[in-house]
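So the protein sequences, as listed, match chains Z and F. Going by the numbering used here, 196 is the number at position 196 of the first sequence; the sequence numbering is gapless. Just so we're on the same page, the numbering used here is the position in the second sequence counted from 1, plus 1000. For reference, the structure discussed in these notes is given below.
There are 2 protein chains.
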Amino acid sequence: MVTLEDVARQAGVSLATASRVLNGSTRQVGATLRARVEQAADELGYRANVAAQTLARGASNVIGIVVHDLTDPYFAALADGAMRAAATEGLLVMVGTTHRDPEQEIAYVATLNAQRVRAVLLVGSRVADPDVTRRLREELARYQSGGGRAACVGQDLLGVDTVAPANKEGAAELARALAGLGHTRFAVLAGPPHLVTAADRCAGFAGALEEMGLPAPQVIHGPFDRDGGHAAAREVKDATCVFAVNDVMAVGALAAYRERGVRVPEDVSVAGFDDIVTLRDHVPALTTVRLPLKDMGARALELALGEEDAVVVEQVAGEVVLRESVRRPV
Amino acid sequence: MVTLEDVARQAGVSLATASRVLNGSTRQVGATLRARVEQAADELGYRANVAAQTLARGASNVIGIVVHDLTDPYFAALADGAMRAAATEGLLVMVGTTHRDPEQEIAYVATLNAQRVRAVLLVGSRVADPDVTRRLREELARYQSGGGRAACVGQDLLGVDTVAPANKEGAAELARALAGLGHTRFAVLAGPPHLVTAADRCAGFAGALEEMGLPAPQVIHGPFDRDGGHAAAREVKDATCVFAVNDVMAVGALAAYRERGVRVPEDVSVAGFDDIVTLRDHVPALTTVRLPLKDMGARALELALGEEDAVVVEQVAGEVVLRESVRRPV
DNA sequence: GCAGACTTGGAAACCGCTTTCCGGGGAGGT
DNA sequence: ACCTCCCCGGAAAGCGGTTTCCAAGTCTGC
């Protein structure tokens, strides 16, 4: 491997000069030497050793993003937004996937801390487990006490900058829209009870129904993914409208209905949450609550990198999008 | 930030001993001192500085993956496969997205080289541009000459270990299957001409038709994404069967037909390529060629990490999956 | 033509950790 | 008892850069 020293020797200058020429410094270097160094570096194919730079400078140019599952388009969109923002700042990205294991999430924060990354982004719903939350907070605090920056997309549970989708409000608005169509008997495919995002959406939906004086929905728990929606849909008793707490579950539910010959929206209405782009061509088109996922990812990075001392929590509103998967009940 | 030295001092041992206890070494440390060091590290909340370790050890534990677009489920699946494999090896992953800019790809290889990552994975179709290919090869060679390992998913153009989907053969087999249904007039939504993956699939398909003595398909070029498929579908003249060179384009085409009131498969058959999982609930279900994307990603990492000196190219066969988006022509 | 302010190049300390090389002490063999 | 041999702890030399501190010019203004 070619080192700076090799370059300096070849150019006949000192290490200091070579460093100043090649790896950005406030100090100027004369044109002659500068040219000599650049030529030498080019001839030798020099590539700076970032580990050494990080060590010497005490700061790296990489950020870490922790998501649950990259193949879930929800996380992919969020991660993509954050990565684009990172790229414009000249930052590299390390991505970790937890596959929904909170322990993994904690472990990743420790690892990213060891990497001395500039910032870490925790993307995805928190779980309602005080012990896990406490340990994650501890690990984050340790990271931050060493100068690390952190932000989170999801719930404001960690004491760090947060981009928080308005899950409750979005779900409530959706409930009002669906009730407005004339539905009165609802079911909620609610996902796992301990997932805060799922719980919030379910609660927001049910709360709005209650406010409107409508009967409480049938709540069916299950996994937060396509198969979870598929399975849960089969347990729906006699609702005219089914709300799945995210789009992929809704798609699973639609598949389940299709298999059973139940027509959507003629026989039952189905709505989701998130407005996943990949699903926009689904038939029937999914009624949902749109979240600006890419922007949220980018915003989270901004917050993490921001100089603010105060912890800022940014609510992001969702927008109800009515599409053909719902209609007024017959 | 707590350093090893702090820990060593607190435990009353030397730096060497603390290092041996905390950061894996072949050498043993006595139980007493070991316990003292561990306690000190725990009390102080020590986290090793990976940059320093990387520098001292001369080897890092991160790998780099370069993909075109994480929000494309094709790349997400590939990346996920590679990341899972990396996790089992205890490796961290840096992900870079090029958004289909070949220059970005080259730049990423340089950057990952600077990071001295253990291996880099180039995921995605090569472009048929000799200049770009040459420069990418140069950058890769430079990286490898410094001990770096590399592998690629796509075409064998870079002189590195490669996992190569059998695009031509898969498309040919698909063509034979569709012809077997009785179709004779085909169109190919062929993607960009310079994208090798797209070109191979198109060529494989057309080649098989020719072998069977069928008329050449109408070939329509355009972007490699959903909107590209959507736009291209509108230019199809009078085919009974349309082959989109990937699934997301096929979905775009299906959407275009739906908008125009053309029924699939009654009026026209549509097939794609890749068998993207996220689309499995699409209506009508998409006929396609299944590629084991996750396995391919994992395999690419294995190849990169493998000790073999010889460059190995592994063909991965696709499997034709007939679903309801095609049927015999009327 | 000279004092003083600016530039510019280089020597060397340092970033935090790994690992080689030594040395001291205990165990085992005779 | 004596001598190896082995085990384990510590000192110190890097790993490849960055940056501070000096010293030697180079320019200015008078």
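Beta carbons: idealized from backbone N, C-alpha and C, even for Gly. Owing to the predicted nature of the structure, the values given are computational and were not obtained by experimental measurement.
In the stretch 1075-1092 of chain F, which residues sit with their C-beta less than 7 Å from some C-beta in chain Z, listed in chain order?
-> Ala1076, Ala1077, Ala1079, Asp1080, Met1083, Leu1092
Range covered by the beta strand (DSSP E) that runs through alanine 1059 of chain F | Note, alanine 1059 of chain F: premise wrong, no beta strand (DSSP E); not H, not E.
Specify the secondary structure class of threonine 1278 of chain F as computed by DSSP and reduced to three states.
-> helix
From alanine 128 of chain Z to threonine 88 of chain Z, what distance separates their C-alpha atoms?
-> 35 Å
Which residues DSSP lists as bridging arginine 290 of chain Z, in chain order | DSSP output for arginine 290 of chain Z lists Z:Asp274, Z:Glu319 as bridge partner(s).
What is the residue span of the alpha helix (DSSP H) that histidine 1230 of chain F lies within?
-> Unbroken alpha helix (DSSP H) run through histidine 1230 of chain F: 1226-1233.
In chain Z, which residues lie with their C-beta within 9 Å of the C-beta of proline 1073 of chain F?
-> Thr71, Pro73, Ala76, Thr278
Note down, in chain order, all residues in the stretch 1097-1113 of chain F with a beta-carbon under 7 Å from any beta-carbon belonging to chain Z.
-> Thr1097, Ala1110, Thr1111, Asn1113
Between the CA atoms of valine 268 of chain Z and phenylalanine 243 of chain Z - distance to the nearest angstrom | Approximately 11 Å, taken between the alpha carbons.
Looking at the C-beta of histidine 331 of chain Z, does it have a partner C-beta in chain F at a distance below 8 Å?
-> A question about residue 331 of chain Z goes unanswered here, because the residues of chain Z that appear run from 1 up to 330.
May I ask you to list, following chain order, the residues of the stretch 1264-1278 of chain F that have a beta carbon less than 9 Å from some beta carbon of chain Z?
-> Against chain Z - using a Cβ distance shorter than 9 Å - the residues of the stretch 1264-1278 of chain F are Ile1276, Val1277, Thr1278.
Extent of the continuous beta strand (DSSP E) run through threonine 1162 of chain F = 1161-1165 is the span of the beta strand (DSSP E), which, as asked, contains threonine 1162 of chain F.
Would you say glycine 1204 of chain F and lysine 1168 of chain F are within 8 Å of each other, going by their C-beta atoms?
-> yes
Pull up the DSSP beta-bridge partners for valine 1242 of chain F, would you.
-> Residue pairing for valine 1242 of chain F: DSSP places it in a beta bridge opposite F:Ala1187, F:Val1270.
Where glycine 1170 of chain F falls, given that 16 or more other Cβ within 10 Å makes a residue buried = Burial check for glycine 1170 of chain F: the Cβ neighbour count within 10 Å reaches 16 or more, so the residue is buried.
From the DSSP output, read off the bridge partner residues of glutamate 1089 of chain F.
-> According to DSSP, which records beta bridges pairwise, glutamate 1089 of chain F is partnered with nothing at all.
Chain-ordered residues of the stretch 1012-1025 of chain F with a beta carbon less than 7 Å from chain Z = When CB distances to chain Z are screened at a threshold of 7 Å, not a single residue of the stretch 1012-1025 of chain F falls below it.
Beta-carbon proximity list for leucine 322 of chain Z, same chain, < 7 Å, skipping 5 on both sides | Ala177, Thr287
Mind checking which residues open and close the beta strand (DSSP E) that includes glutamine 1115 of chain F?
-> Taken as a continuous stretch (DSSP letters only), glutamine 1115 of chain F belongs to no beta strand (DSSP E), as it is neither H nor E.
Check whether the stretch 1034-1048 of chain F touches the stretch 1099-1108 of chain F, taking contact to mean three or more Cβ pairs, one atom from each stretch, closer than 8 Å.
-> no
Tell me the DSSP bridge mates of methionine 331 of chain Z?
-> The requested residue 331 of chain Z is not part of the displayed model; chain Z covers only 1 to 330.
Neighbourhood of alanine 187 of chain Z by C-beta, 8 Å cutoff - its chain only, sequence neighbours within 5 removed | Pro217, Gln218, Val219, Ile220, Val236, Lys237, Ala239, Cys241, Val242, Phe243
Segment limits, beta strand (DSSP E) that includes arginine 1149 of chain F | 1149-1153
Residues that glutamine 115 of chain Z contacts on chain F, provided the C-beta gap is smaller than 7 Å = Val1050
If you measure from the beta carbon of methionine 249 of chain Z to each beta carbon in chain F, is any gap under 8 Å?
-> no
Same chain only: Cβ atoms within 8 Å of alanine 166 of chain Z, ignoring 5 sequence neighbours per side | Gln315, Val316, Ala317, Gly318
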